[in-house]
Amino acid sequence: MPTAAEHRASCDAFVAHIHLLCAEPGVRARLSRGRGRPVEECAPMDRYLSRRTAHRSGRRAYYTIASLIAMAGPQSHTPGVRPDNDPGLPSPENDPASLLVAPAESAPPPAAPDPAAWFARPNLGATLATAVHRAGHGPERTESLLHILTRISDDQLHRRLPAPVTRLLRDGITPDWGVLLHDLVQRPYRRDRVGLRWRDAFYLAAPEPRRT
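Residue 29 is where the sequence shown starts when you use this note's numbering, and the numbers rise one by one after that.
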């Protein structure tokens, strides 16, 4: 079983892989069709994701994140996570086989993110707070949305996430996909803890409420 640090690193590695896949428009379109759906209804995504997710817990989280990144398009990425364009690496267009799976002998895992640095990255609550400050999202409606997202079931959360994420992306705000993936994987086991992190991040970025 991977350590917590290894799991965090693997979340960033998965996000980087999806960005690479999304450089090819046809693949991006197929991945985007899985938004809001359970894994069992995402057959077009399996050829790209099965080998990386079949034995992972929280598999649906990986499919959800892949579909959201695909929905965002190749121009949207998490800073420091998306791989640079390396002319020495095969592109999806030039090497279709590279789209399907990780190599049989995987490369060394990326360095595990420092825990303090990882949790300083914006989670969903912080991202929604940014939408209020930077994109004019209504504070009360955004707060209400956050409370709904922290209370609903995992299935409902996966089904509902595409709508607010679409609005965020339209307003030029990109979630930290690696952190969101980590939280979605953790949520079935630690829903209250994940919800508290999201609410804390939102309220710490919000103005002090006025006393009545």
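The C-beta atom is built at its ideal place from N, Cα and C for all residues, glycine as well.
On a predicted model such as this, the values are computed, not experimentally measured, just so you know.
Inclusion of H186 and T81 in the CB contact set at 8 Å is not warranted, their separation being larger than that value. For H210 and D183, the gap between their C-alpha atoms comes out near 16 Å.
In the DSSP annotation of this structure, the continuous segment of the alpha helix (DSSP H) that includes E168 starts and ends at 167-179.
Apart from the 5 residues on each side of it in sequence, M73 sits with its Cβ closer than 7 Å to the Cβ of R58, L59, G62, Y91, A94 in its chain, given in chain order. The continuous alpha helix (DSSP H) containing P192 extends over residues 190-198. Spanning the alpha carbons of V193 and E52 requires a straight line of approximately 22 Å.
In the DSSP annotation of this structure, the continuous segment of the alpha helix (DSSP H) that includes P53 starts and ends at 53-60. Distances from the CA of N151 to each of I46, C70, G223 were compared; the closest alpha carbon is that of G223. Under the three-state reduction of DSSP, Y217 is assigned to coil, being neither helix nor strand. Ranking R79, Y76, R87, H175 by CA distance to the CA of P66 puts R87 first. A229 and A148 do not touch by the CB rule: their CB atoms are close to 10 Å apart, not below 8 Å.
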